[in-house]
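Worksheet: one structure, shown below.
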Amino acid sequence: MKVQTLILGEFLQHEKKTAFRLYRFPMPLSPPLHQTDPSNALYYYSLHDLDQLDLLPCQHASLPRYYRDYPSTFCKDNQGQVFASTKVLGFLAKEMGWHLLFDLCHATEHSSASTWTSLLTRIDKLTSISPSLQLVEQDLNPLRLTGQEFLSRKVLLANRLSPPTPQTANTMSSSLLLQRRLAPKQKTAHLTIHTPTYRDHHLRHTNLRSAPLRKSMSRFQLNRRLHQALAADGKAVCASPIRTATPARPGASHSFTQLQRNEFLQPFDRLYDTLEETKKLKVQLDDNIRQSLVLLTKFQARQGDLQRQIKHEVEDVFVPYLQTLDGLVQRLGHAEKTFEQKHLHAPTPAASVQSEIHFLMTRIDQLEKKLASKSPTP
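With the working numbering, the residue at position 9 of the sequence shown is 9, and numbering never jumps.
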């Protein structure tokens, strides 16, 4: 059938350029597809593409839980490539705090080009970004997963014929274990589980037990082990296609552990940076206080010197002016005495006396102006 894809960019996979796509599946999504409505559709991302771009590890611990709770949101094509709905991916991104994946799950072909550009530029492993974001038709036959694909004989036969890889071995062992757990019991009051061989060291986390149980307790244990087996199958769903047995990337299995470690250490890194900045600020504050104390001590020591220096400068400036004023006052007093003696011994007419008085007053005004001009302003 024809589905629409939105080519977002390209990334390198085994030294070959691979397109990063947003898949638009019409509704209803059920095999086969009939009476589809072009205006109503679901959006999907390939889990393999998200793993290659380090947006979502395929071995993430929460994927089996979402696959068990929302099995209809996962599907695959004829080549075994697994797709997940943007709805369930958005739930997972919101739970884990992955803002980039959360924004990608809410963007569609109706989003603006600037929005897509700002999102795609944040993906480091994209070698190029598509200049024109337009829907392109592609031949694809999406089928919903039912959870029974990994119990079929074809898958078991393919696992036997294909080279042993960690992913295929995990899928085969978990499927065989699930079949043995679901096998009917021969009316026995004991719960007996056929454990795998000791060579299957990757299954040691299954926590197998054998003990006499009541009927209700055995049913509870059986349901719990069934959920664990389905979770193990959910992890196998995210693996690469079965037909092409390619070796797993070395960093893919450790990406989630590294992410958890970084998230755990992030608050401690911030605390360490804050402590380092506080230490630097404290050292700067101590230096400023020390310099202020040194300056204050120097100022207190020089306070007496400053007072003596100011006193000497004032005396050097004002003493000459004071001496000049004293001389002028003495001359004025001597002139007054001389004038009085002359007028007492030789009387003059009244007109001449008034003129001389006027002359003396004028002279006194001139002397006062002269003294005022020579005296410094305070």
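Ideal Cβ positions, reconstructed from N, Cα and C, are used throughout, including at glycine.
Do you know how far the Cα of residue j is from the Cα of residue i?
i	j	result
Gly467	Met96	Nothing can be reported for residue 467, as the shown portion of the chain is limited to 1 through 378.
Ala107	Lys94	15 Å
His34	Phe264	Low confidence applies to His34: its pLDDT is 47, below 50, so where it sits in the model is not reliable, and the reading given next is rough at best. In a straight line, the C-alpha of His34 is about 48 Å away from that of Phe264.
Val353	Lys374	31 Å
Ala335	Asp316	30 Å
Glu10	Leu101	17 Å
Cys105	Asp287	53 Å
Gln266	Thr278	18 Å
Ala189	Tyr70	The predicted model places Ala189 with a pLDDT of 48, which falls under 50 and marks its position as unreliable, so this point remains unresolved.
Asp77	Asn141	6 Å
Leu259	Pro131	32 Å
Arg59	Ala113	Note on identity: in this sequence residue 59 is Gln, with Arg being the wrong assignment. For Gln59 and Ala113, the distance between alpha carbons rounds to 32 Å.
Asp54	Leu133	22 Å
Ala41	Gln4	10 Å
Glu15	Phe25	29 Å
Leu322	Lys369	16 Å
Leu371	Ser292	48 Å
Arg68	Ser62	10 Å
Gln309	Leu296	19 Å
Thr324	Ile289	52 Å
Lys2	Glu137	6 Å
Phe318	Phe299	27 Å
Thr274	Leu281	11 Å
Thr362	Pro320	26 Å
Glu109	Asp103	13 Å
Leu56	Pro64	13 Å
Ser72	Glu276	51 Å
Gln330	Gln307	34 Å
Asn75	Trp116	Residue identity check: residue 75 is Cys in the sequence provided, not Asn. Going by the C-alpha atoms only, they are around 25 Å apart.
Asp139	Gln79	12 Å
His312	Asp305	11 Å
His358	Ile364	10 Å
Gly327	Arg302	38 Å
Arg261	Phe268	11 Å
Leu6	Leu285	58 Å
Leu367	Val294	54 Å
Gln13	Asp51	11 Å
Thr257	Lys125	20 Å
Ile129	Leu135	15 Å
Glu356	Glu340	12 Å
Looking at the unbroken alpha helix (DSSP H) that takes in residue i, where does it start and where does it end?
i	result
Lys2	From DSSP, Lys2 is part of no alpha helix (DSSP H) but of the beta strand (DSSP E) over Lys2 to Gln13.
Lys87	Thr86 to Met96
Leu135	Run containing Leu135: none in the alpha helix (DSSP H); it sits in the beta strand (DSSP E), Leu135 to Asp139.
Pro64	Leu63 to Asp69
His99	His99 to Cys105
Bridge partners for residue i per DSSP, in chain order?
i	result
Pro26	Ala41
Lys279	Lys279 is not bridged to any residue.
Ser46	Phe83
Thr421	The chain is shown from 1 up to 378; residue 421 falls before or after that span and cannot be answered.
Ser388	The question about residue 388 has no answer here: the residues shown for the chain are numbered 1 through 378.
First and last residue of the beta strand (DSSP E) that includes residue i?
i	result
Ser114	Not the beta strand (DSSP E): Ser114 falls in the alpha helix (DSSP H), residues Ala113 to Leu120.
Asp383	Limits of the chain in this structure are 1 at one end and 378 at the other, which puts residue 383 out of reach.
At a Cβ threshold of 8 Å, is residue i touching chain C?
i	result
Asp139	The structure shown contains no chain C; it is built from a single protein chain.
I'd like to confirm something about residue i: is its beta-carbon nearer than 7 Å to some heavy atom of the ligand GTP, or not?
i	result
Glu313	This structure does not include the ligand GTP; it has no bound ligands of any sort.
- Query: Is the stretch 110 to 127 touching the stretch 72 to 85, taking contact as three or more C-beta pairs under 8 Å?
  - Reply: no
- Item | Stretch pair the stretch 17 to 25 + the stretch 41 to 48: three plus CB contacts closer than 8 Å | yes
- Query: What alpha helix (DSSP H) runs, 4 residues minimum, are completely inside the stretch 253 to 321?
  - Reply: none
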